[in-house]
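If you read the sequence shown in my numbering, its first letter stands for residue 13, the second for the next number, and so on. Each residue gets a CB set at the ideal place from its N, CA and C atoms; glycine is no exception. Bear in mind that the values here come from a model prediction, so they are computed numbers and not experimental data. Below: one structure, written as structure tokens.
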Amino acid sequence: YPAARDDALAAWHWAVAEAAGFGGDPRRVLLGGDSAGAQLAMVTARRVLLAAGGADGQAAVRPAGVMLLYPATDHPSGGHASYVENATGYRLTAEAMHWFWRQYAPDGDPADPDLSPLRAGVLPDMPPVLVATAEYDPLRDEGITIARRLAAEGVSVTHLHAPDMHHNFPVHPGSVARFPQCDMAMAGMAGWLRSVAG
């Protein structure tokens, strides 16, 4: 830290600058990720919106949407019940999340909004957001909380919650062919992408 955060912002600027060269529209570029990637997507959205609202007019192009799949939006010390309820037995463990955080930002402040976007204020002009959560995921509650907080602030939020599923379920090879929740989640994500990006 902060290499991944800064790389994500650089990737955003590159995608917007190069979109037209690929036949795309920079106004239709979205941010998204799963798990830690979702944390980076939310942090990048916040940084882009802060810059767009600044006096220098930097980053005038805003994301068309933000997709957060089973997102890590808070430090493990956040007190979420799902860290206790789903601590073990469902692929991703609470202990693993603590380890990941120690590797990523060992000296980081859990209240830093660039580490814990759940603890940041909701910015004006936040684009539509999709949040996917899974019942048996240590990250479930922080995903649900960020979806509710954004919606309460007037952001257009689509929340796809998968009962009986674990972290990373829609793309996990052991789940995709066996559980209808995977197809339902993928269909919901695809529909949301079509509605937001056109």
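Presumed contact (8 Å Cβ cut-off) between residue i and residue j, rounded CB distance
i, j, result
"Ala57", "Ala64", "No, Ala57 and Ala64 are not in contact; Cβ-Cβ is about 10 Å, not under 8 Å."
"Ala31", "Phe112", "Actually they do not touch by this definition, with Cβ atoms about 32 Å apart."
One or two residues paired with residue i in a DSSP bridge
i, result
"Met79", "Gly44, Leu142"
CB contact flag (residue i, residue j, <9 Å)
i, j, result
"Val96", "Leu42", "no"
"Ser94", "Pro150", "yes"
"Gly110", "Ala146", "For the record, residue 110 in the displayed sequence is His; it is not Gly. No, these two residues do not count as a Cβ contact at 9 Å."
"Ala84", "Glu165", "no"
"Pro175", "Val55", "no"
"Thr170", "Val134", "no"
"Arg152", "Tyr82", "yes"
"Ile158", "Leu52", "no"
"Arg114", "His178", "no"
Close-in-space but distant-in-sequence residues of the same chain around residue i (CB under 7 Å, 5 per side omitted)
i, result
"Arg131", "Asp86, Ala123, Pro125"
"Arg74", "Val60, Leu61, Ala64, Asp137, Pro139"
"Leu21", "Thr56, Arg59"
"Cys194", "Phe181, Pro182, Ser187, Val188"
"Gly200", "Leu172"
Backbone secondary structure at residue i - three-state DSSP
i, result
"Leu205", "helix"
"Thr157", "helix"
"Glu147", "strand"
"Asp195", "helix"
"Gln70", "For Gln70, the pLDDT reaches just 48, beneath the cut-off of 50, and the residue's location in the model is therefore unreliable, leaving the point undetermined."
Residues of its chain near residue i, where Cβ-Cβ distance is below 6 Å and the 5 sequence neighbours each way are ignored
i, result
"Ala117", "Tyr13, Leu127"
"His184", "none"
Neighbourhood of residue i by C-beta distance below 8 Å, restricted to the same chain and skipping five residues each side
i, result
"Gln70", "Only weak support is given to the placement of Gln70: the predicted model assigns it a pLDDT of 48, under 50, and the value that follows is read from those uncertain coordinates. Ala63, Ala64, listed in sequence order."
"Ala209", "Arg40, Leu42, Ala76, Gly77"
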